[in-house]
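Note sheet for the following structure.
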Amino acid sequence: MDAWTEVADLNTANGGRISFGQDNSNAISATGGNTELWNGSSWTETTDMSVPRFNAGAGETPSTAGIIFGGSSPAPYSTATELFTGAGAGQTRTFTDS
Amino acid sequence: MTTYKEINGTNIEAVSSDPANPVEGQVWYNTTDNVLKGQAATAVGAWSTGGALNTGRYYGGGAGSQTTAIFYGGEATPGVVGNTESYNGSAWTEVADLNTARVNLGGAGASNTSALAIGGDPARTITESWNGSSWTEVNDLNTGRGRTSGLGIQTAALFTGGTPPNDGTTINESWNGTSWTEVGDLNSIRTYAAVSGTYTSAITGGGASPPGTNLTITESWNGCLDRSSRFKYS
Chain W
28 MDAWTEVADL
38 NTANGGRISF
48 GQDNSNAISA
58 TGGNTELWNG
68 SSWTETTDMS
78 VPRFNAGAGE
88 TPSTAGIIFG
98 GSSPAPYSTA
108 TELFTGAGAG
118 QTRTFTDS
Chain Y
8 MTTYKEINGT
18 NIEAVSSDPA
28 NPVEGQVWYN
38 TTDNVLKGQA
48 ATAVGAWSTG
58 GALNTGRYYG
68 GGAGSQTTAI
78 FYGGEATPGV
88 VGNTESYNGS
98 AWTEVADLNT
108 ARVNLGGAGA
118 SNTSALAIGG
128 DPARTITESW
138 NGSSWTEVND
148 LNTGRGRTSG
158 LGIQTAALFT
168 GGTPPNDGTT
178 INESWNGTSW
188 TEVGDLNSIR
198 TYAAVSGTYT
208 SAITGGGASP
218 PGTNLTITES
228 WNGCLDRSSR
238 FKYS
């Protein structure tokens with residue numbers, strides 16, 4: 028059956044969003060000063076873009092490791108590209124004694 | 008006190024450089040840096056900076072991934088453009104323009120050699136397909152629309168919602184690599200909603216309706232399963 032089903036709302040009603048994700052169980056939705064992470068049942072606010080902008084372009088390949096480019100700010104139009112690495116990705120850390 | 012060796016069966020390995028593909032929980036001593044290191048999973052997502060576009064713009068179509076992406080059309084200075092730029096993981100390069108310059112179009116595709124440019128303002132039905140070097144016009148949308156996103160890949164895509172009318176539409180079309188077919192509509196009209204996932208499993212959230220009134224509505228898509236077996240993701 029081909030059907031859209033209403034699920035839990037975003038936390039913030041900002042315009043000009045762009046998103047990427049693997050399927051309906053995960054997604055990143057970003058715009059301006061707001062980025063939210065979808066886990067299949069609810070949206071959670073997460074780290075924002077360094078360059079807040081609206082109506083950017085995004086790589087639409089199904090993945091939570093996404094790429095966003097362009098957008099409406101800084102005026103008049105952004106040339107910025109930013110890459111998002113989702114939670115759970117591997118990261119090397121250095122142990123310290125403090 | 009329990010030691011690392013008692014837990015893991017070996018001592019911590021001393022190496023002159025970090026292992027190429029460490030696994031989560033792996034610990035090693037880097038003798039070059041004289042530090043103890045380990046591999047962990049990030050607790051939250053993080054943004055990093057990539058190469059800058061040659062032409063700043065918005066309301067364009069996009070496709071691809073962090074290492075192979077493409078950005079086309081949109082609005083720049085002095086107006087609507089057909090510019091296409093290709094990203095190789097570090098830098099953007101200008102390549103062949105869209106045949107029809109347009110703004111508020113949708114994008115879909117897996118890489119900088121495989122993408123679709125879908126619809127756009129005003130109520131365009133045009134679909135163009137990118138092969139890595141040029142755009143070719145392919146079969147049109149059934150209902151011309153702009154101000155929404157596409158999703159999927161060159162052989163299996165969705166184009167959902169958008170405008171006209173000005174307040175938005177619920178129309179949803181599915182692309183099978185050759186033609187567009189109208190499939191299950193959205194429950195709520197909206198424009199400029201963000202859409203992601205695949206053409207069998209997707210999420211759309213936010214948008215506006217009427218223009219200027221931003222929404223939080225989220226809808227989840229399950230569909231096109233009877234057709235997906237012919238168009239596997241790779």
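Residue numbers (the working numbering), protein chains in the order written: chain W, 28 to 125; chain Y, 8 to 241. A virtual CB, placed ideally from N, CA and C, is assigned to each residue, including glycine. Quick caveat, the model's predicted, so the values are computed rather than measured.
Contact residues of the region 32-46 of chain Y toward chain W are V42, L43, K44, G45 and Q46 (C-beta to C-beta distance below 7 Å). Under the criterion of beta carbons closer than 8 Å, W:F81 and W:G60 do not qualify as touching, at roughly 10 Å. Annotation for Y:T188: E180 and S181 place their beta carbon closer than 7 Å to its own, counting only its chain and skipping 5 residues before and after.
Y:N61 places its beta carbon less than 8 Å from that of Y:E92.
Following the DSSP letters along the chain, one finds Y:E31 in no alpha helix (DSSP H), marked with neither H nor E.
Those residues of the region 203-235 of chain Y placed with their C-beta closer than 7 Å to a C-beta in chain W are S203, G204, T205, S208, A209, I210, G212, G213, A215, N221, L222, T223, I224, T225, E226, S227, W228, N229, G230 and C231, ordered along the chain. For Y:L232, the secondary structure class from DSSP, reduced to helix, strand or coil, is helix. A residue is called buried when at least 16 other Cβ atoms come within 10 angstroms of its Cβ; Y:V202 meets this threshold and is buried. Identification of chain W residues near Y:D128 by a Cβ-Cβ cut-off of 7 Å yields none; the smallest Cβ-Cβ distance measures about 12 Å. Y:A117 sits buried, since 16 or more C-beta atoms from the chains shown fall within 10 Å of its C-beta.
Annotated three-state conformation of Y:I14 is helix, per DSSP.
Put simply, the region 54-71 of chain W touches the region 204-219 of chain Y. At least three CB pairs are less than 8 Å apart. Bridge pairing for Y:Q46: W:T119 [DSSP]. Among the residues facing chain Y, W:E109 is included, as its CB has a counterpart in that chain under 8 Å away. In this structure, W:I94 lies away from Y:Q161, with their beta-carbon atoms at least 8 Å apart.
Judged by beta-carbon spacing, Y:T223 lies within the 8 Å limit of W:D36, meaning their Cβ atoms are closer than that value. Close CB contacts of Y:T170 within its chain, under the 7 Å cut and outside five residues either way in sequence, are with R152, G153, R154, T176 and T198 (chain order). For Y:L148, the closest C-alpha among the options Y:G168, Y:G86, Y:W142 and Y:S140 is that of Y:G168. When the five nearest sequence neighbours on each side are left out, the beta carbons in the same chain lying within less than 6 Å of the beta carbon of Y:A122 are those of A70, I77, G116 and W137, in order along the chain.
Counting only the Cα atoms, Y:Y65 lies some 43 Å from Y:Q33.
One Cα belongs to Y:K12, the other to Y:A21, and the distance between them is close to 14 Å. Within chain W, the C-beta atoms nearer than 7 Å to that of Y:R64 come from G97 and Y104, in chain order. Put simply, the backbone Cα of W:T91 is about 8 Å away from that of W:F111. Residues of chain Y whose Cβ lies closer than 8 Å to the Cβ of W:N51 are, in chain order, G204, S208, A209, I210, S227, W228 and N229. Listed along chain Y are G213 and N221, each with a C-beta nearer than 8 Å to that of W:N41. A direct Cα-to-Cα measurement between Y:L112 and W:T74 gives close to 27 Å. In the DSSP assignment, Y:S121 forms a beta bridge with Y:S118.
In the structure shown, W:F47 adopts extended strand secondary structure according to DSSP, grouped into three states.
The DSSP-derived three-state label of W:S100 is coil. Nearest neighbour of Y:V30 by Cα position, chosen from Y:D40, Y:K44, Y:N18 and Y:T39, turns out to be Y:K44. Cβ proximity to chain Y below 9 Å picks out T58, T62, E63, L64, W65, G67, W70, T73, T74, D75, M76, S77, V78, R80, F81, N82, A83, G84, A85 and G86 from the region 58-86 of chain W. The residues V110, N111 and G153, in chain order, have a CB closer than 6 Å to that of Y:D128 in the same chain once the five nearest residues on each side in sequence are set aside. Per DSSP, reduced to three states, the secondary structure at Y:R109 is coil, with no helix or strand assignment. Around the beta carbon of Y:F166, 16 or more other beta carbons lie within 10 angstroms, which makes this residue buried.
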